[in-house]
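Q: Residue numbers (our numbering): 202 to 322.
Can you keep this structure in mind? I'll have questions shortly.
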Amino acid sequence: MIGIAAVFGAISIFAADFWVKSQAKADSEEKTASIAMPAEPKVEFKTIVVANAPLRYGMQLDKAQLNEIPWPQDSLPQGAFTSVDELLKQGSRVVLSPIEINEPVLLTKLSGPNGRATLSN
Numbered sequence: 202m203i204g205i206a207a208v209f210g211a212i213s214i215f216a217a218d219f220w221v222k223s224q225a226k227a228d229s230e231e232k233t234a235s236i237a238m239p240a241e242p243k244v245e246f247k248t249i250v251v252a253n254a255p256l257r258y259g260m261q262l263d264k265a266q267l268n269e270i271p272w273p274q275d276s277l278p279q280g281a282f283t284s285v286d287e288l289l290k291q292g293s294r295v296v297l298s299p300i301e302i303n304e305p306v307l308l309t310k311l312s313g314p315n316g317r318a319t320l321s322n
C-alpha cells in the first residue's frame, strides 16, 4: 500500500512540475509578444565634402584630395560644401587651417576662390 501511495505521489509531483513549467513558458511568450519593438529613428542624410588625405596650410585643393560622403542632415557643420564641384567651381582654393582625414572641408578653413595663403586670414 505504501508503494502505491509513493508511485501516485511521484506521478503527481511530476505532473504538477510539468504544468507549472508550461504555464511559465506560456506567460513569458505572451509577455514577449506584447512588447513592441521601438521604431528606429528616421535619419536624413545629405552629401558633404571631406578630406581623404591630411591637408596642411598652403596646400592647393584638387579633386584627388577630396571625397563626398553622406552626413546626417541634422548635424551638418556650418560652412560645409555639398559637392566637390561646388567647392572648386569658382576657382582653386588654398588650405588656411589643417584638415584631417574624413574631416569636413569648411569654408572657414579655406581661402576664397583663386586665393592664396597669407599670414593673415
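Even for Gly, the Cβ is constructed at its ideal location relative to N, Cα and C.
As the structure is a prediction and not an experimental result, all values here were calculated from the model.
#1: Could you please give the first and the last residue of the uninterrupted beta strand (DSSP E) stretch that includes residue 267?
#2: Taking just the CA atoms, how far does residue 230 sit from residue 236?
#3: State yes or no: is the C-beta of residue 252 within less than 7 Å of the C-beta of residue 285?
#4: Suppose contacts are defined by Cβ-Cβ distances below 7 Å. Is residue 274 in contact with residue 245 by that definition?
#5: Taking the alpha helix (DSSP H) that residue 285 falls in, what are its first and last residues?
#6: Can you tell me the Cβ-Cβ gap for residue 300 and residue 270, rounded? I've got them flagged as a contact below 8 Å.
#7: Given this structure, state the Cα-to-Cα distance separating residue 297 from residue 254, to the nearest angstrom.
#8: Residue 248 lies in the beta strand (DSSP E); which residues open and close that run?
#9: Can you tell me which of the three DSSP states residue 221 falls into?
#10: Find out if the Cβ-Cβ distance for the pair residue 294, residue 256 is shorter than 7 Å.
#11: In terms of alpha-carbon separation, which member of 292, 242 and 272 lies closest to residue 283?
#12: In angstroms, rounded to a whole number, what distance separates the CA positions of residue 277 and residue 308?
A: By the coordinates alone:
#1: Its beta strand (DSSP E) spans residues 267-273.
#2: 10 Å
#3: With contacts defined by Cβ atoms closer than 7 Å, residue 252 and residue 285 do not form a contacting pair.
#4: yes
#5: 285-289
#6: The pair is not a contact, with the Cβ atoms about 14 Å apart (cut-off 8 Å).
#7: 15 Å
#8: 246-252
#9: helix
#10: no
#11: The shortest C-alpha separation from residue 283 is found at 272.
#12: 13 Å
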